[in-house]
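Colleague: Please find one structure pasted underneath; my questions will follow.
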Amino acid sequence: MKEKEKQLKEILQSLGSVLVAYSGGVDSTLLLKVAKDVLNDNVLAVMASSATYPEEELKSAAKLADSMGARHITIETDELSDERFLENSKDRCYFCKLELFSKLKDVAKKEGLKFVADGSNVDDKTDYRPGSRAKEELGIRSPLAEAGFTKQDIRGFSRELNLPTWEKPSLACLASRIPYGTRITDEVLGKIEEAERFIRNLGFKEVRVRHHDYIARVELGKDEIPKILDEEVMDDISKKLDSLGYTYVTVDLKGYRTGSMNEVLKEEES
């Protein structure tokens, strides 16, 4: 592990200056912290405000960046104006990342920063991630992956550095809750965001509300599934999601897993 930490610092040192694509999540927070330690003021954290990302997360991310003494700004991305993104094909993520990274490169150029870096890690290569194509096309660096960091490594190093994100649940674009082929709209994204916020506020940590038209498929960490089976909790969640337009509310017995919407792609390939 120490060798990976050393390599990460050497990679960041070699960049000279960097814009960090920052969300306040586990990965990008560690990247920003180490980049700030290594490059000091030659680092800028940039957050992207969009309907595909919960607003409360942006506020939390900004506070965390302030606590690290890192300079940060927020930009607006407009993937919802791209019909290719709204159509929600299996390449949806590519168009979203193309929008994001293109704008980040523009900011980096304006700020005189040599590189743009994101928080991708080694484990990301095991899932279907078309956004990686946009990253490669635009020359975005991924120092954590380059240094061989897995998600477990990132959590471990974050804990060593006393980062509050070390045990934070993974986040993902709200559009990842919508099945491929179902059109993405502001309304649907808003429903998903409100539904997940409500369930999290009941004390659940790992929450995904997968949108299947009139069906809400709720994914939770397996250790939290018994908690949702409490009659009062079930009633509260059912009433809330019913008010959002869901006729049926289900709990996925497989529990939360990253990229569950990509499972249909694997079935098509087999």
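Per my numbering, the very first residue in the sequence shown carries number 1292; after that it's consecutive.
Backbone N, C-alpha and C fix where the C-beta goes; we use that ideal spot for every residue, glycine too.
Given this structure, state the Cα-to-Cα distance separating Arg1499 from Ala1463, to the nearest angstrom.
Modeller: Locating residue 1499 in the sequence shown gives position 208, counting from the first residue. Locating residue 1463 in the sequence shown gives position 172, counting from the first residue. If you take the alpha carbons of Arg1499 and Ala1463, they lie about 9 Å apart.
Colleague: For Ser1433, I'd like the list of residues in its chain whose CB is within less than 6 Å of its CB, leaving aside the five on either flank, ordered along the chain.
Modeller: Taking the first residue of the sequence shown as position 1, residue 1433 is located at position 142. Correct list, in chain order: Asp1409 and Ser1411.
Colleague: Of the choices Tyr1385, Glu1510 and Thr1320, whose alpha-carbon is the least far from that of Ser1423?
Modeller: The sequence position of residue 1423 within the sequence shown is 132, counting from 1. When each option's Cα is compared against that of Ser1423, the closest is Tyr1385.
Colleague: To test your reading of the DSSP string, which unbroken alpha helix (DSSP H) runs of 4 or more residues are found completely within the region 1496 to 1545?
Modeller: With a minimum length of 4 residues, the continuous alpha helix (DSSP H) runs that stay inside the region 1496 to 1545 are 1516 to 1519 and 1522 to 1534.
Colleague: Less than 9 Å between the beta carbons of Leu1349 and Val1334, yes or no?
Modeller: Here the question's residue 1349 lines up with position 58 in the sequence shown. Here the question's residue 1334 lines up with position 43 in the sequence shown. No; because the gap between Cβ atoms is not below 9 Å, this pair is not in contact.
Colleague: For Lys1295, collect the residues of the same chain with a Cβ closer than 7 Å to its Cβ; drop the 5 residues on either side in sequence, then sort them by chain order.
Modeller: What you label residue 1295 is simply residue 4 of the sequence shown in a count that begins at 1. Excluding sequence neighbours, Lys1295 sits near Ala1438, Gly1439, Phe1440 and Asp1444.
Colleague: When the distance is taken between beta carbons, is Tyr1471 closer than 9 Å to Lys1394?
Modeller: If you number the sequence shown from 1, residue 1394 lands on position 103. If you number the sequence shown from 1, residue 1471 lands on position 180. No.
Colleague: Taking the alpha carbon of His1502 as the point to measure from, which residue in Lys1401, Gly1481 and Val1317 has its own alpha carbon closest?
Modeller: Taking the first residue of the sequence shown as position 1, residue 1502 is located at position 211. His1502 has its Cα closest to that of Gly1481, out of Lys1401, Gly1481 and Val1317.
Colleague: Counting along the chain, where does the beta strand (DSSP E) carrying Phe1406 start and finish?
Modeller: Here residue 1406 refers to the residue found at position 115 of the sequence shown. Unbroken beta strand (DSSP E) run through Phe1406: Phe1406 to Ala1408.
Colleague: Count the other CB atoms within 10 Å of the CB of Gly1316; is the residue buried (16 or more) or exposed (fewer)?
Modeller: Position 25 of the sequence shown holds residue 1316. Result: buried.
Colleague: In whole angstroms, what separates the C-alpha of Asp1373 from that of Leu1391?
Modeller: One-based indexing of the sequence shown puts residue 1373 at position 82. One-based indexing of the sequence shown puts residue 1391 at position 100. Near 12 Å, if we compare the C-alpha coordinates of Leu1391 and Asp1373.
Colleague: Just verifying my parser: in three-state terms, what is the DSSP assignment at Thr1476?
Modeller: Translated into the one-based positions of the sequence shown, residue 1476 becomes position 185. Thr1476: coil per DSSP, three-state reduction.
Colleague: Give the DSSP-derived three-state secondary structure of Leu1493 in the structure shown.
Modeller: Within the sequence shown, numbered from 1, the residue matching residue 1493 stands at position 202. Looking at Leu1493 - three-state DSSP - the assignment turns out to be coil, as it is neither helix nor strand.
Colleague: Quick one: using the 10 Å Cβ neighbour count with 16 as the cut-off for buried, is Ile1469 buried or exposed?
Modeller: The sequence position of residue 1469 within the sequence shown is 178, counting from 1. So Ile1469 ends up on the buried side.
Colleague: Per DSSP, what kind of secondary structure is Ile1570 in: helix, strand or coil?
Modeller: In this structure the chain extends from 1292 to 1561, so residue 1570 is not present and cannot be described.
Colleague: How many Å lie between Thr1270 and Glu1367 at the Cα?
Modeller: Residue 1270 lies beyond the range of the chain shown here (1292 to 1561); nothing can be said about it.
Colleague: Checking the sheet assignment: what are the DSSP bridge partners for Arg1432?
Modeller: Here residue 1432 corresponds to residue number 141 of the sequence shown, with the count starting at 1. Note: Arg1432 sits in a beta bridge opposite Ala1408.
Colleague: Can you grab the Cα-Cα spacing for the pair Glu1522 / Arg1491, in whole Å?
Modeller: As a position in the sequence shown, residue 1522 is number 231, starting the count at 1. As a position in the sequence shown, residue 1491 is number 200, starting the count at 1. Cα to Cα, Glu1522 sits roughly 17 Å from Arg1491.
Colleague: By Cβ distance, which residues of its chain are closer than 6 Å to Glu1560, with the 5 residues on each side in sequence left out?
Modeller: On the sequence shown, residue 1560 is found 269 positions in, with the first residue counted as 1. Here Glu1560 scores only 48 on pLDDT, less than 50, and its place in the model is too uncertain to base an answer on.
Colleague: Please tell me whether Leu1310 and Val1325 are closer than 9 Å, where the distance is taken between their beta carbons.
Modeller: Stepping through the sequence shown from its first residue, residue 1310 is reached at position 19. Stepping through the sequence shown from its first residue, residue 1325 is reached at position 34. Going by C-beta atoms, Leu1310 is not nearer than 9 Å to Val1325.
Colleague: Give me the Cα-Cα distance between Lys1400 and Lys1354, rounded to the nearest whole angstrom.
Modeller: Here residue 1400 corresponds to residue number 109 of the sequence shown, with the count starting at 1. Here residue 1354 corresponds to residue number 63 of the sequence shown, with the count starting at 1. One C-alpha to the other measures close to 25 Å.
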